[in-house]
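What follows is a set of notes on a single structure, which appears directly below.
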Amino acid sequence: MNTKFLILLTAFLCLLTNQTKANMLTTDYLSDLDESIYMEYASMKMEMIKDNRVIRYYDMEFYRSANKMRMEFTAPASEKGRRMLNDNSSLWMYLPRTSKVIKLPFKQSFMGSDASNADLMRLCFKNDYEVVNSIDKENDIVQLELKAKNLEVAYNKVILQYDTKRKVPISQEMYSLSNKLIKTMIYENIIKIDGAYIPSTILIKEELQKNTETKLYYTNIKKRNAKPTEYFTLGSLRR
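First residue of the sequence shown? That's 7 in the working numbering, and the numbers climb one at a time after it.
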């Protein structure tokens, strides 16, 4: 057999093997990441902070099925009854004062906070991003560079610090199309539920406006809920 052909064949097989390993590694990271933050119920409090002072808050209940997500506002009284639904294709909000349902962009700020709608209502990273680079750090931490799959995704690039031992995110930086850092997210107070580690507090900092931040507190977290399929439909938002 021709020696040059053997060399080329060997090189091709090595490249194919390395690419397969890289793809498996990438898929595993994103799958583990999505699993680590997966929950089907939680009570949630959002605090919007400016100059170290809470200027607004919302209390909510969060529900999820495998591929849909719903949020119910319970406080303050002026927002009670407001509901949101991610039906795996679009984001909707029910306004109790007018009994209307409106469609929302995922990139839009969530209720005027430092978080976007996607930050709170994202179903999974794997749908929106692909890993384009990974760097091993100390203490079982790997740094993942995520690239948005399309322009509809809230952030073009995300640099995420991921704890591979506990399989939980530690922090992430979100960048614009022009590669400008626009937001930082810190995952804190890691707790263990049903054998999985989940962040119970998330701090979101707006990098373009240094004196504001948003905190999310999750309590009563459950990996499963008993809500019927109909609860996660657009028609159910008015009921």
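Glycine residues also receive a C-beta, built at the ideal position from the N, C-alpha and C atoms. Note that the structure is predicted; figures quoted are calculated from it, not measured.
- Rounded to whole angstroms, F68 and L110 show a C-alpha spacing of 18 Å.
- By the criterion of at least three beta-carbon pairs nearer than 8 Å, the region 48-58 is in contact with the region 219-234.
- Taking C-beta atoms as the reference points, I188 and Y181 count as a pair closer than 8 Å.
- Burial of R88 is indicated by the presence of at least 16 other C-beta atoms within 10 angstroms of its C-beta.
- The beta-bridge partner set that DSSP reports for E136 consists of K153.
- K155 and E136 have their alpha carbons spaced roughly 7 Å apart.
- The straight-line gap separating the alpha-carbon atoms of K143 and Q149 is approximately 7 Å.
- Per DSSP, S84 has no beta-bridge partner at all.
- Looking only at N73, D57 and P234, the smallest Cα-Cα distance to Y44 is reached by N73.
- Within the same chain, and ignoring the five residues on either side of I210 in sequence, the residues whose Cβ sits closer than 6 Å to its Cβ are D120, A121, M191 and T220.
- In this structure, V164 lies near Q178, with their beta-carbon atoms less than 8 Å apart.
- Going by beta carbons, P205 and P175 fall inside the 8 Å limit.
- If you look at M45, you'll find it isn't in any alpha helix (DSSP H); DSSP assigns it neither H nor E.
- Looking at the DSSP output, F79 sits in a beta bridge with M66.
- As a beta-bridge residue in DSSP terms, L209 pairs with I192 and K221.
- Contact between L129 and N92 holds: CB atoms are separated by about 6 Å, below the 8 Å threshold.
- Annotation: the continuous beta strand (DSSP E) that includes M99 extends over L97 to L101.
- D134 places its beta carbon 8 Å or farther from that of T170.
- Note on S42: 16 or more other CB atoms within 10 angstroms of its CB, so buried under the neighbour-count rule.
- Residue environment: A232 is assigned as exposed (fewer than 16 neighbouring CB atoms within 10 Å of its CB, all protein chains considered).
- A residue is called buried once 16 or more other Cβ atoms fall within 10 Å of its Cβ, and I208 is buried on that count.
- In the DSSP assignment, P175 is bridged to Y168.
- Look at R230 here: in three-state DSSP terms it is coil, with no helix or strand label.
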